[in-house]
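Asker:
Residue numbers (our numbering): -15 to 88.
#1: Can you name, in chain order, every residue of its own chain whose Cβ lies under 8 Å from the Cβ of residue 91, other than the five neighbours on each side?
#2: In terms of residue numbering, what span does the alpha helix (DSSP H) encompassing residue 9 cover?
#3: Contact defined as beta carbons within less than 8 Å: I believe residue 85 pairs with residue 1. What is the distance between those atoms, to the nearest angstrom?
#4: Assign residue 26 to one of two classes, buried (16 or more other C-beta atoms within 10 Å of its C-beta) or exposed (fewer than that).
#5: Buried or exposed: which applies to residue 18, given that a residue is buried once 16 or more other Cβ atoms fall within 10 Å of its Cβ?
#6: Which of helix, strand or coil does DSSP assign to residue -13?
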């Protein structure tokens, strides 16, 4: 397992950069739905905020691989995935004006 995290490969960075925001978004969505059920609030976090926070989760891994471990190729892959998510964010929430990713 130790060898797994020490890879310096662009594909590994792209996969990691794509996987982390999905997991973070699902965690934030489950917290949001739990808060809605317990306190009967309409929305704890809007979908665009959840999406942005999920993509911000890549910052931790980007810093780990680029600065601390000096794995430049992996860091570039994470950065590439982050740019793809930023493009999706602008496309979904500004150009297409989608309010909810998963409507209730």
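Just so it is clear, CB atoms sit at the ideal spot from N, CA and C, and this is done for glycine as well. Keep in mind the model is a prediction, meaning the values are calculated, not measured.
Answerer: This is what the structure holds:
#1: Because the chain is modelled from -15 through 88, residue 91 falls outside the range shown and cannot be assessed.
#2: What you label residue 9 is simply residue 25 of the chain shown in a count that begins at 1. Where residue 9 is concerned, the enclosing alpha helix (DSSP H) stretches over -6 to 23.
#3: Taking the chain shown and counting its residues from 1, one reaches residue 85 at position 101. Taking the chain shown and counting its residues from 1, one reaches residue 1 at position 17. 19 Å between Cβ atoms; not a contact.
#4: The residue you call residue 26 lines up with position 42 of the chain shown. By the 10 Å Cβ count, residue 26 comes out exposed.
#5: Here residue 18 corresponds to residue number 34 of the chain shown, with the count starting at 1. Exposed is the call here.
#6: On the chain shown, position 3 is the one that residue -13 refers to. The answer is coil: DSSP assigns residue -13 none of H, G, I, E or B.
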